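S.K.:
2 protein chains.
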Amino acid sequence: MDVSPSGRTDARTNHERLLVAAREAFTVSGGASLTAIAKRAGVGIGTLYRHFPTRESLIVALYRHDIQELIDLAPALLADRPPLAALRGWFDEVARYGQLKYGVAEVIHAAAGGGLDDEYYAPLVHAIAQLMAAGVAEGSLKPDVDPEDVLLQLGVLWRINPDNGGQARAARILDLIVDGLLRR
Amino acid sequence: MDVSPSGRTDARTNHERLLVAAREAFTVSGGASLTAIAKRAGVGIGTLYRHFPTRESLIVALYRHDIQELIDLAPALLADRPPLAALRGWFDEVARYGQLKYGVAEVIHAAAGGGLDDEYYAPLVHAIAQLMAAGVAEGSLKPDVDPEDVLLQLGVLWRINPDNGGQARAARILDLIVDGLLRR
DNA sequence: CAGGTTACCGGAGAGGTCTCCGTTTCACCA
DNA sequence: TGGTGAAACGGAGACCTCTCCGGTAACCTG
Chain C
1 MDVSPSGRTD ARTNHERLLV AAREAFTVSG GASLTAIAKR AGVGIGTLYR HFPTRESLIV
61 ALYRHDIQEL IDLAPALLAD RPPLAALRGW FDEVARYGQL KYGVAEVIHA AAGGGLDDEY
121 YAPLVHAIAQ LMAAGVAEGS LKPDVDPEDV LLQLGVLWRI NPDNGGQARA ARILDLIVDG
181 LLRR
Chain E
185 MDVSPSGRTD ARTNHERLLV AAREAFTVSG GASLTAIAKR AGVGIGTLYR HFPTRESLIV
245 ALYRHDIQEL IDLAPALLAD RPPLAALRGW FDEVARYGQL KYGVAEVIHA AAGGGLDDEY
305 YAPLVHAIAQ LMAAGVAEGS LKPDVDPEDV LLQLGVLWRI NPDNGGQARA ARILDLIVDG
365 LLRR
């Protein structure tokens, strides 16, 4: 996932510089090649890869904060809405994040892609599990649905063309997904 | 999508050779670089790209036949099963094709990806529409669901890791999708 | 504070995708 | 049966991802 911050100060420095460069690159243009990021950081491409073995791992590091927000949102929503509304609200937020912040989309996409790198996608699964548990307890959702299956289904959000009524389409599909979870 | 067969015989020949080379490459190894396919066809990479502007367009041309099979299957299923069983059966078949034939997966993925190139993804939408219409007529499915939304949802099938219980997961998710379409 | 280990660095290189454009060749017509 | 213009060809080149390994220098230890 991420190289552990070891004793070497140069390693830590480079790690920092890479994150800064990546953040700049992403906020400026919404995307950049790894080569360009390494160059911007004044570091060799090899160094970038040692610190962040995959493209996602870099992005995850960048957007850890936002993802955490998403995760924390689940219990917050549950606190002041009925379970179903909370679930649907959370889905909406996922969609919104995805359209807004390139990085979050990337991560969820990667997570859903079966990257199996539990480290950072487990929390997302956990958030979903929480939301679903509330609905199950209430009797409105069917029990025994695997939250990972649901995360996987959310992956559809990133195959929707954003312009041209994509927002409406996303809403419709989220409705379908929720309906699929309802107890009959 | 595909270059129109013009008067030039060399164009037609190369088109043919590319298809043959691609088919060989895909059946032999399940996948190949475009460079390799062009080389195998004895043609420049530029020629390959002129005939097939995108990777998908090449694969679509290759698997047009299989996709047609899938499309024809919809009415066949409807003829000898109740609508819901037909729908679910068709979904299963899509999943099976996807795991079996690389190309079909590619196409549906591309189609669902909003490639907007109606030419070859409209038939898939139409197949779904047929299946759904039967369910609606029978009263078991909700009306007014956009078949494209459903096709989009099927895209999840190609984010499932095939090994490691992927088959079971696909079945579970297809159940969820169908449940989402049921009238409540 | 000198020397040795060893983690870390950087970039060359392999292999891909896709574009661009100078060159070749075909089909048509006088 | 040429001659000719448009269409098709092909590969160099720009740019990307990712790997590998010889060189470098930061820490530790005596």
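Line order of the protein sequences matches chains C and E.
Mapping of the first sequence onto the working numbering: residues 1 to 184, in sequence order.
Mapping of the second sequence onto the working numbering: residues 185 to 368, in sequence order.
Ideal Cβ placement from N, Cα and C applies to all residues, glycine included.
Note that the coordinates shown come from a computational prediction; the quantities given were computed from them, not determined experimentally.
Am I right that residue 372 of chain E and residue 277 of chain E are in contact with their C-beta atoms under 8 Å? What's the rounded C-beta distance?
M.R.: Outside the shown range of chain E (185 to 368) lies residue 372 of chain E, about which nothing can therefore be said.
S.K.: Restricting to Cα atoms, I'd like to know which of C:30, C:27, C:37, C:31 is closest to residue 14 of chain C.
M.R.: Measuring from the Cα of residue 14 of chain C, the nearest candidate turns out to be C:37.
S.K.: In chain E, which residues lie less than 8 Å from residue 136 of chain C when you measure between Cβ atoms?
M.R.: Here the premise fails: no neighbours, minimum Cβ distance about 15 Å.
S.K.: Consider the Cβ of residue 314 of chain E: report whether some Cβ of chain C lies at a distance smaller than 8 Å.
M.R.: No, its Cβ sits nowhere closer than 8 Å to a Cβ of chain C.
S.K.: Considering just the uninterrupted stretch of the alpha helix (DSSP H) at residue 192 of chain E, what are its terminal residues?
M.R.: It is not in any alpha helix (DSSP H) - residue 192 of chain E carries neither H nor E in the DSSP assignment.
S.K.: Return yes when the Cβ of residue 273 of chain E is within less than 8 Å of the Cβ of residue 341 of chain E, no when it is not.
M.R.: Contact: no.
S.K.: Which residues in chain E sit within 7 Å of residue 149 of chain C, going by Cβ to Cβ distance?
M.R.: The contacting residues are 353, 356, 357, 360.
S.K.: Rounded to a whole number of angstroms, what is the C-alpha to C-alpha distance between residue 187 of chain E and residue 235 of chain E?
M.R.: Because the pLDDT of residue 187 of chain E is 48, which lies under 50, any placement of that residue in the model is unreliable, and the number read from its coordinates should be weighed accordingly. In a straight line, the C-alpha of residue 187 of chain E is about 5 Å away from that of residue 235 of chain E.
S.K.: For residue 325 of chain E, write down the residues that DSSP places opposite it in a beta bridge.
M.R.: Answer is E:366.
S.K.: Taking only three categories from DSSP, how would you classify residue 339 of chain E?
M.R.: Helix.
S.K.: Where residue 266 of chain E and residue 171 of chain C are concerned, what is the direct C-alpha to C-alpha distance, given to the nearest angstrom?
M.R.: Approximately 30 Å, taken between the alpha carbons.
S.K.: Suppose you measure from the CA of residue 55 of chain C to the CA of residue 34 of chain C; what does that come to, to the nearest Å?
M.R.: Approximately 8 Å, taken between the alpha carbons.
S.K.: Determine the contact status of residue 79 of chain C and residue 134 of chain C, defining contact as a CB-CB distance below 8 Å.
M.R.: Contact flag unset, no.
S.K.: If you follow the alpha helix (DSSP H) that residue 241 of chain E is part of, which residue opens it and which one closes it?
M.R.: Where residue 241 of chain E is concerned, the enclosing alpha helix (DSSP H) stretches over 239-264.
S.K.: What residues of chain E sit near residue 181 of chain C, judged by a beta carbon separation below 9 Å?
M.R.: Per Cβ cutoff of 9 Å: 360, 363, 364.
S.K.: Taking C-alpha atoms, which residue in C:8, C:126, C:147 lies nearest to residue 180 of chain C?
M.R.: Comparing Cα positions, the closest option is C:147.
S.K.: Cutting at 6 Å between CB atoms, please list the residues of its own chain near residue 41 of chain C, excluding the five before and the five after it.
M.R.: These residues qualify, in order along the chain: 17, 18, 21.
S.K.: Does residue 334 of chain E come out as helix, strand or coil in the three-state DSSP assignment?
M.R.: Here residue 334 of chain E sits in helix by DSSP.
S.K.: Considering just the uninterrupted stretch of the alpha helix (DSSP H) at residue 37 of chain C, what are its terminal residues?
M.R.: Run containing residue 37 of chain C: 34-41, per the alpha helix (DSSP H) assignment.
S.K.: From which residue to which residue does the alpha helix (DSSP H) around residue 229 of chain E run?
M.R.: It spans 229-235 - the alpha helix (DSSP H) in which residue 229 of chain E sits, taken as one unbroken run.
S.K.: Whose CA, out of C:39, C:7, C:139, C:67, lies closest to the CA of residue 126 of chain C?
M.R.: The shortest C-alpha separation from residue 126 of chain C is found at C:67.
S.K.: Report yes if the C-beta distance between residue 153 of chain C and residue 360 of chain E is below 8 Å; otherwise report no.
M.R.: Taking 8 Å as the Cβ cut-off, residue 153 of chain C and residue 360 of chain E qualify as a contacting pair.
S.K.: Rounded to a whole number of angstroms, what is the C-alpha to C-alpha distance between residue 138 of chain C and residue 314 of chain E?
M.R.: Straight-line Cα distance between these residues: approximately 36 Å.
S.K.: Buried or exposed, going by whether 16 or more other CB atoms sit within 10 Å of the CB of residue 212 of chain E?
M.R.: Exposed, since its Cβ has fewer than 16 Cβ neighbours within 10 Å.
S.K.: Within the 8 Å Cβ cut-off, does residue 98 of chain C reach chain E?
M.R.: No, no contact with chain E.
S.K.: Between residue 122 of chain C and residue 174 of chain C, which are expected to be in contact by the criterion C-beta below 8 Å, what is the C-beta distance as a whole number of angstroms?
M.R.: In fact, because the Cβ distance is near 23 Å, the residues do not count as touching under 8 Å.
S.K.: Give the single residue among E:345, E:335, E:349, E:344 whose Cα lies nearest to the Cα of residue 160 of chain C.
M.R.: Selected option, being the one with the closest Cα: E:335.
S.K.: If you draw a straight line from the C-alpha of residue 339 of chain E to the C-alpha of residue 91 of chain C, how long is it?
M.R.: Residue 339 of chain E and residue 91 of chain C: Cα-Cα distance of roughly 18 Å.
S.K.: When you compare the CB positions of residue 142 of chain C and residue 183 of chain C, do they come within less than 8 Å of one another, or not?
M.R.: For residue 142 of chain C and residue 183 of chain C, yes; Cβs fall inside 8 Å.
S.K.: In whole angstroms, what separates the C-alpha of residue 348 of chain E from that of residue 227 of chain E?
M.R.: So the two alpha carbons sit approximately 40 Å from each other.
S.K.: Is it buried or exposed for residue 76 of chain C, if we count other Cβ within 10 angstroms and need 16 for buried?
M.R.: Residue 76 of chain C comes out exposed.
S.K.: Tell me which same chain residues have a C-beta within less than 7 Å of the C-beta of residue 140 of chain C, skipping the five on either side of it?
M.R.: Only 83, 84, 182, 183 meet the Cβ criterion.
S.K.: Among C:23, C:46, C:39, whose alpha-carbon lies nearest the alpha-carbon of residue 65 of chain C?
M.R.: The candidate whose alpha carbon is nearest that of residue 65 of chain C is C:23.
S.K.: Output, in sequence order along the chain, the residues in the stretch 32-43 of chain C whose CB is closer than 8 Å to any CB in chain E.
M.R.: Per Cβ criterion, the list is empty.
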